[in-house]
Amino acid sequence: MTRTPQDETSVTTAGRADSVAAHRRLADFLAGRTPDRLFVHPIRHPSDPTGFCYCEHSLIKALPFLVRAVLLGIVARCPFTWPKTWLLRRFGAKVGSNVCISPGVWIDPTFPQLLTFEDNVFIGTGARITTHEYRMSEFRAGRVTLREGALIGGFAIIGCGVEIGRRATVAPGSLVGRDVPPFATAVGNPVRILRKPDQELAAGS
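Under my numbering, the first residue of the sequence shown is numbered 5, with each subsequent residue one higher.
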């Protein structure tokens with residue numbers, strides 16, 4: 005069956021309407037107007053234009069992202085934590101007290117407002133924390149929460165939409181794509197969740 009020009013116009017119009025609705029949902033999600041932890045939108049393929057990536061926009065429209073990326077890249081090399089936490093707060097992240105971000109930590113500059121680092125969090129050198137990702141058939145943006153006392157080992161990767169529980173440990177080099185319960189240890193790629201044998205430690209803390 006051959007498509008007519010009218011069919012093509014209908015498909016294009018529907019696609020545009022869907023794109024507008026998706027961007028509206030994303031804006032609500034980023035502004036915290038929804039309780040969801042993860043925003044998911046279907047796509048045909050990551051290489052196709054979606055409008056979610058700043059690389060598809062004009063230089064002027066992408067300028068805020070470029071500023072965030074450059075500044076976060078500069079302070080990432082700094083041995084001191086305070087420039088990083090100060091900058092993250094200015095970009096909308098929620099950062100508690102006594103948070104340590106080691107040199108070389110990469111923090112996704114796309115949606116920093118989706119980040120929450122509670123008090124006494126430690127992030128080891130070379131760790132990577134993402135707030136968005138493309139999969140083969142969907143785009144995702146997600147809130148990342150590191151609860152009080154969480155320890156992220158060096159060169160670990162924390163995926164978008166993940167919560168690391170209170171005083172939980174992520175071993176160096178681990179790839180974490182799911183939640184880690186409080187007082188547990190996450191190890192490996194793909195990650196495995198290990199619980200501490202002495203559960204009284206959690207109860208007494």
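Using N, Cα and C, we set each Cβ at its ideal position, and we do this for glycine too.
Can you find the residues in the same chain that come closer than 6 Å, C-beta to C-beta, to residue 58, ignoring five residues on each side of it along the sequence? These residues qualify, in order along the chain: 66, 69.
Less than 6 Å between C-beta atoms, sequence neighbours within five positions excluded: which residues of the same chain meet that for residue 14? Note that residue 14 has pLDDT 35, beneath the 50 cutoff, so the model's placement of it is unreliable and the number below is only indicative. If we look at residue 14 and ignore the five residues flanking it on each side, it has no Cβ neighbours.
Under the three-state reduction of DSSP, which class applies to residue 180: helix, strand or coil? Correct three-state label for residue 180: strand.
For residue 145 and residue 31, what's the separation of their Cα atoms in angstroms? When rounded, the separation of the alpha-carbon atoms in residue 145 and residue 31 is 11 Å.
Start-end ranges of the beta strand (DSSP E) lying completely within the segment 145-180, minimum 3 residues: You should have 148-150.
With three or more C-beta pairs closer than 8 Å as the rule, is the segment 137-156 touching the segment 31-43? Counting Cβ pairs under 8 Å, three or more are found: they touch.
Per DSSP, the bridge partner or partners of residue 54: Under the DSSP definition of a beta bridge, residue 54 lacks any partner.
Residue 82 in three-state terms, based on DSSP: It is coil, neither helix nor strand.
Could you tell me the alpha carbon to alpha carbon distance between residue 75 and residue 140, rounded to whole angstroms? Between the alpha carbons of residue 75 and residue 140 lies a gap of roughly 30 Å.
Inspect the CB distances between the segment 115-128 and the segment 154-166 and report whether three or more fall short of 8 Å. These segments touch.
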